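Numbering (our numbering), first residue to last: 235 to 429.
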C-alpha cells in the first residue's frame, strides 16, 4: 500500500574505500528512514553475482538499472561502493539524471576513513581482503575525489554509526527543504509498513 510520505524520495551515493563502513551506514540509513529504502552495494556485483567481474561498465549498467527500478517503484535508494569515476564511466551521472527527473533529493557522500581504520576494519570483515589491496583501493578512492563532477559531502567514518546516520538523514531533510523552496514538487515515496 502506497501512502503519502513524510520524507522525500532520495538517491544517496556512499563512496569511499573498502572498510570505511559504507555498507553498515547504508543499512543504518535504511533502518532509520520511515520509508522504503533499497540499498545497492557495488560489492554485490563484484563479489557475489560474478566474483571478480572485470567489466566495470557492465557492473555499473546493472547497478543503475536496479536503482532506477526501485526509484520507479517509489523507493528511495542508497548506492554504496568503491565507486571510481573512470570505471563507472558516466553511469552515476545517468542515474542522477533519472532521479532528478523524478524530483528526488540527490546526495553524494564521500566516506572518509584513515588508512589505519580501513585496514583495522578489513581484519574484522567476513570477506577479508589482502592488506595491500585495501591500501591500493584507499589510495584510488582518495585520488578520485576531484574527478567527481558534483558536490561530495565528506563524512568522517570514525564517528559513531548513529551519528553518521543522523547526519545523512538531516542532510536529506535540508536538501528536501531547498527543493521545496525552489518550487520542485517531490515524488511520492512508499512508507515502510512496520508490523
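Here a beta-carbon is modelled for each residue, glycine too, at the ideal position from N, C-alpha and C.
Remember, predicted model here, so these are calculated numbers, not experimental data.
Rounded to whole angstroms, what is the Cα-Cα separation between residue i and residue j?
i, j, result
"residue 285", "residue 279", "7 Å"
"residue 316", "residue 247", "10 Å"
"residue 318", "residue 415", "33 Å"
"residue 342", "residue 385", "7 Å"
"residue 336", "residue 283", "29 Å"
"residue 417", "residue 408", "15 Å"
"residue 356", "residue 397", "22 Å"
"residue 281", "residue 365", "17 Å"
"residue 381", "residue 412", "26 Å"
"residue 395", "residue 266", "11 Å"
"residue 361", "residue 307", "32 Å"
"residue 268", "residue 311", "13 Å"
"residue 458", "residue 372", "Nothing can be reported for residue 458: it is not among the residues displayed for the chain, which extend from 235 to 429."
"residue 390", "residue 351", "11 Å"
Would residue i and residue j qualify as a contact pair, given that the criterion is a beta-carbon distance under 9 Å?
i, j, result
"residue 245", "residue 293", "no"
"residue 309", "residue 259", "no"
"residue 262", "residue 388", "no"
"residue 375", "residue 249", "yes"
"residue 410", "residue 339", "yes"
"residue 277", "residue 320", "no"
"residue 300", "residue 333", "no"
"residue 383", "residue 327", "yes"
Just reading off the beta strand (DSSP E) that residue i is part of, what are its end residues?
i, result
"residue 249", "244-249"
"residue 289", "From DSSP, residue 289 is part of no beta strand (DSSP E); its letter is neither H nor E."
"residue 343", "339-346"
"residue 390", "387-390"
"residue 314", "310-315"
List the endpoints of the continuous alpha helix (DSSP H) containing residue i.
i, result
"residue 272", "Run containing residue 272: none in the alpha helix (DSSP H); it sits in the beta strand (DSSP E), 271-275."
"residue 257", "256-266"
"residue 379", "Looking at the DSSP string, residue 379 is not in any alpha helix (DSSP H), and its letter there is neither H nor E."
"residue 279", "Counting along the chain, residue 279 falls outside any alpha helix (DSSP H), and DSSP gives it neither H nor E."
"residue 354", "349-357"
I think residue i touches residue j, with their Cβ atoms under 8 Å apart; what is that distance to the nearest whole Å?
i, j, result
"residue 347", "residue 392", "7 Å"
"residue 402", "residue 242", "That belief does not hold up - the Cβ atoms of residue 402 and residue 242 are roughly 13 Å apart, past 8 Å."
"residue 252", "residue 363", "6 Å"
"residue 305", "residue 274", "About 11 Å; that fails the 8 Å criterion."
"residue 213", "residue 290", "This structure gives no information on residue 213, because the portion of the chain shown stretches from 235 to 429."
"residue 325", "residue 295", "6 Å"
"residue 329", "residue 287", "Contact flag wrong, Cβ pair sits at about 19 Å."
Which runs of the alpha helix (DSSP H) at least 4 residues long sit entirely within the segment 392-423? Give them in chain order. Listed in chain order, they are 395-415.
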